[in-house]
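Residues in the sequence shown are numbered from 26 upward in steps of one, following this note's numbering.
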Amino acid sequence: MVAITLIPIVRMVRHVVGGTHLQYSDYWFMIDELLARGGGIEFEQLFTFRNEHPVFFAKALYLINIGLSNGSNIVQGLIVVVVVIAITYLLIHLSRATGSTDTLTTLVMAGAAASFLFAPQSVWTFYKGMSGSAWWTANLFAVIALVFVHRDRRWAAAGAAVLASISYGTGIVIWPAIAVATMIRSRRWYPPPEALVGFAATAVWYQVAGEGNSDFSFDELWLQMRVLATLIGALLPGPDRLMEYSGFAVFGTGLALAAYLAWRDKAAAVWVALFLFAVGNLALITNGRWVFLAYIIGVQGRYGTLAALVWFGWAMMLIHAARDLMARTDPGDPLVRLAPLHLLPIVAIAIAVGFGGGEELDEMREAEAAQSRLEIALRFGFSEGRQSAFGETFPDLGPRLDSIGHYPFTDTRSFDCGLAGSTLVPDSDMESIGVAVGPVPSTRAPNQIDFDVTVEQDVELDCVVVVDAALEVVGAGVQDLIGDADDPETSYEVLARDTAGPYRIIGIDQSGAQYEFVVTATGN
């Protein structure tokens, strides 16, 4: 069983380790809130919302990671891996505790749990650890709440639901989910008071602390249903149409299974609740972002974190329903010998999930070019004023990150040979090995200039830097390969702080030898 679960986990770890140390997008705005400008941590900001969501534990994990690894995104991703391993273990444990104890079923569901939760389509939430720290911690506490429900520890389940609710906005759906599970198990068809009070209190807190941004809309309901189905099917590789159809199939059969098991098998209560919790999560996301998902960017792999729980809950309901039907079948009936066949679709889906995700990983790799540019901007002090993908202005973080040794103000990775802000005396006999076109005022930031640099000789450079008129190193280059395989050229996208020119572009190899690029054109 351990070997079955290790394969997708090890693959995801390799993806995470192959990523960038620099954190992504929303992380910087949350760290801006947490790091006081006079030094220290503003702990009250742990409770503030970001993009309509509470992110208490994500922010707490960011602070822990700063102490562990100077804020490395790779280590953040590995923390998320540990969180999801914990969820995987709990799901396998819960599947056995609810009666799926035969060896074959245990092996199938262990493999399915690892395949679904570490699906390549969900690489976003691991590769961008800042994102997964919010999504997966909410899921972890939700699953813990269901474990407590199964053990009839209702107040402990409510406590875990509170933690899920302050982890991320999707966590709020655990309240009705534990209410459903409790009603099915107790056969008392009214919601437990602690679930009603907890849900109401959390909803009020969201509305007040989240500045009233949790509006619900029934506009274009059919289109919202199609987006919801596509999000459910996002776990599978393939075109959007396949995701949509498979999502509708899982949604429809899942509701039927939930209704049947609520009547027939109270041991399946936690799986009915898990399915409804995960579908409810995706319904909230759909309602809030359906225009964005339907018309602008389409479905993104980060939503596979919730689709994974939909599919696992569906699979466990299928197993319980099949077991209940077989228990009511005459032992001599030939159908009894075919009972294990209900595991085949689960195995097939788990295998299909494991072979997808190539496009998602490619998108993550492509995003590293933007990460490299941001890293240079931070190190050289011209990150402030850059525009994020959603039009937000990047905060002035450099001095505060530097004061606590937060990456990229470390020696882990450097595009500038460690020369940022220092004075570089160019060699008098430097060889010219290429051309530089620039400087051109940047469209990304008001205080940045850009150069396009091409290496025309076979020289392996350790870095390319920009020196201004005062001989201060004010910028560096991001390497790229252009041309065909037979005649490649090495090029650099060079970014620099806009100071006083004229500028010189200098390449430095591993021995410290300097090479100059001739500036052939200048911008205004």
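Cβ coordinates follow ideal geometry from the N, Cα and C atoms, glycine included.
When secondary structure is reduced to three states using DSSP, H46 falls in the coil class, being assigned neither helix nor strand.
Nearest neighbour of V304 by Cα position, chosen from V172, A287, E384 and F273, turns out to be F273. Spanning the alpha carbons of A332 and D387 requires a straight line of approximately 21 Å.
With respect to A83, A163 sits apart: the two C-beta atoms are not nearer than 7 Å.
A445 sits in coil when the DSSP states are folded into three classes, being neither helix nor strand. F407 and Y270 have their C-alpha atoms spaced approximately 47 Å apart. The shortest CA-to-CA distance from T113 to any of E391, G92, A135 and G223 is the one to A135. In the three-state scheme derived from DSSP, where H, G and I count as helix and E and B as strand, L520 is classed as strand. Rounded to whole angstroms, the separation of the alpha carbons of Y87 and R425 is 15 Å. Counting along the chain, no alpha helix (DSSP H) covers V491; the unbroken beta strand (DSSP E) around it starts and ends at C488 to V492. The straight-line gap separating the alpha-carbon atoms of A340 and A293 is approximately 11 Å. The beta carbon of A308 sits closer than 7 Å to those of L253, all from its chain and outside the five residues before and after it, given in chain order. Of the residues V133, I104 and G96, the one whose Cα lies closest to the Cα of L369 is V133. Checking the DSSP bridge columns, you'll see E391 has no partner listed. Taken through DSSP and simplified to helix, strand or coil, Q146 comes out as helix. The way I'd put it, the region 32–43 doesn't touch the region 53–70; fewer than three beta-carbon pairs between them come closer than 8 Å.
In this structure, the beta-carbon distance from M455 to E541 falls below 7 Å. Below 8 Å, enough C-beta pairs join the region 93–101 and the region 45–56 to call them touching: three or more. One Cα belongs to A546, the other to A494, and the distance between them is close to 17 Å.
Ranking M155, T468 and E497 by CA distance to the CA of V80 puts M155 first. In this structure, the CA atom of T515 is about 5 Å from the CA atom of V480. The Cβ neighbour count for I376, taken over all protein chains shown within 10 Å, is under 16; the residue is labelled exposed. Cβ-Cβ distances below 7 Å link I209 to A287, K291, A294 and V297 in the same chain, with the five nearest sequence neighbours on each side left out; the list follows chain order. Residue pairing by DSSP places Q473 opposite R522 in a beta bridge. Among the bridge pairs identified by DSSP, Q232 is matched with none. For E269, the uninterrupted alpha helix (DSSP H) run begins and ends at D265 to R289, by DSSP. Between V462 and D483, the alpha-carbon positions lie close to 20 Å from each other.
Per DSSP, the beta bridge partners of T418 are Q412. Within 10 angstroms of the beta-carbon of W247 lie fewer than 16 other beta-carbons, which makes it exposed. In this structure, the CA atom of L422 is about 8 Å from the CA atom of W53. Annotation note: the region 168–234 contains the following uninterrupted alpha helix (DSSP H) runs of length 4 or greater, listed N- to C-terminal: 179–192, 199–211 and 218–234. Here D534 carries a coil assignment [DSSP, helix/strand/coil]. Put simply, the backbone Cα of F143 is about 18 Å away from that of M268. Comparing alpha-carbon positions, the option among I56, D265, E77 and D534 lying closest to I191 turns out to be E77.
Bounds of any alpha helix (DSSP H) do not take in G64, whose DSSP letter is neither H nor E.
Per DSSP, the continuous beta strand (DSSP E) segment holding Y540 begins and ends at Q539 to A546.
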